[in-house]
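Structure, as structure tokens:
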Amino acid sequence: MFKDITLGQYYQTDSILHRLDPRVKLVATFAYIISLFIVNTYIGYSFAGLILAVAILLSSVPVGYIFRGLKPIFFLLIITVLCNLFLTGGDVILQFYALKITREGVDLSVKMAVRLIFLITGSTIMTLTTTPNQLTDALEDLLRPLRKLHVPVHEIAMMMSIALRFIPILMEETDKIRTAQMARGADFESGNLIQKIKALVPLLVPLFVSAFRRANDLAMAMEARCYHGGDGRTKMKPLIYEKKDYMAYATIAVYFAAAIVIRVIV
């Protein structure tokens, strides 16, 4: 299960998306996420799905590897669908005692499921095609105007980069602890929901201890290297826009405008 989490991981390959400036990919991801909340029709979601399919094709990342990241959110997806299916009022099309399925509920649950799948997949493509260091540099550069308001932009970008970098590390650590506990007789599969939650305690305690130990080691390493924030720091690979990046920005603008037009017209 934990090996299926692809968000925060980087997939090395030489594709068009990998060669784009990380600022472009970050802006594109935010624009795509916002567009998913702008469109509210099946035509709009079909258009967003088409753009997502093109992005997957351009990333040269295996489709199975990308959608493998949806497995960990399957439980959340089911809860979202069921809540919208049974708790939305409207024209009743099916009823089980007190539970009612309405036409509006079916429509809303399908749209919410599609929106959640597209949101996770779009974010996963960004992290699969961009290294954590590139994301840090991109985020710091895009938030640079906030420095005039005394916002610690570099520190915020650094924290997000460390968080993304530690996602696969902690998942690997969790899998090791889980395997070790199962070898000692721990059972994480059988029993009801309450029993399964209680069975996670032997897993969570050593995981938190390991996470705090890693955080302390990282802090000591940064301090030993005289890290004092972003003041006066230079970059080995400064971000420079190229022609393809401006073309990508234009494509993003056209897509976002099309999403707004679809919302207004359809």
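The numbering used here numbers the first residue of the sequence shown as 186 and each following residue consecutively. Where is the CB? At the ideal position from N, CA and C, for every residue including glycine.
Quick check on this structure: which residue in T198, N225, T214 has the alpha carbon closest to the alpha carbon of I236?
Ranking T198, N225, T214 by Cα distance to I236 puts T214 first.
Evaluate H203 with the Cβ neighbour count: other Cβ atoms within 10 Å of its Cβ, from every protein chain shown; 16 or more gives buried, anything less gives exposed.
By the neighbour-count rule (16 or more Cβ atoms within 10 Å), H203 is buried.
Hey, L349 and L320: beta-carbon distance below 8 angstroms or not?
The answer is yes: Cβ separation under 8 angstroms.
Provide the residue span of the alpha helix (DSSP H) that contains T214, from first to last.
Residues 207-223.
D402 and A384 - do their beta-carbons sit closer together than 8 angstroms?
Going by C-beta atoms, A384 is not nearer than 8 angstroms to D402.
Roughly how many angstroms lie between the CA atoms of L279 and D292, to the nearest whole one?
Answer to the nearest angstrom: the Cα atoms are 14 angstroms apart.
Could you tell me whether the Cβ atoms of G275 and T265 are closer together than 8 angstroms?
No, these two residues do not count as a Cβ contact at 8 angstroms.
For a quick check, are the C-beta atoms of Y230 and G307 less than 8 angstroms apart?
No, the Cβ-Cβ distance between Y230 and G307 is not below 8 angstroms.
Can you give me the Cβ contacts of I362 inside the same chain, cut-off strictly under 7 angstroms, excluding the 5 residues immediately before and after it?
These residues qualify, in order along the chain: L388, P391, L392.
I need the boundaries of the alpha helix (DSSP H) containing T309, first residue and last residue.
Element bounds for T309: 288-313.
With DSSP collapsed to three states, give me the class of F187.
Caution applies to F187, whose pLDDT of 49 falls short of 50 and renders its modelled position unreliable; the model cannot decide the point.
Report buried or exposed for K422, applying the criterion of at least 16 other Cβ atoms within 10 angstroms of its Cβ.
Its Cβ having fewer than 16 others within 10 Å, K422 is exposed.
Among L221, N318, A435, R253, which residue has its Cα nearest to the Cα of F351?
Looking at the Cα atoms, N318 is the closest of the given residues.
Quick check on DSSP: helix, strand or coil for V336?
Here V336 sits in coil by DSSP.
Measure the C-alpha to C-alpha separation of A400 and N377 and round it to an integer number of angstroms.
Rounded to whole angstroms, A400 to N377 spans 34 angstroms at the Cα level.
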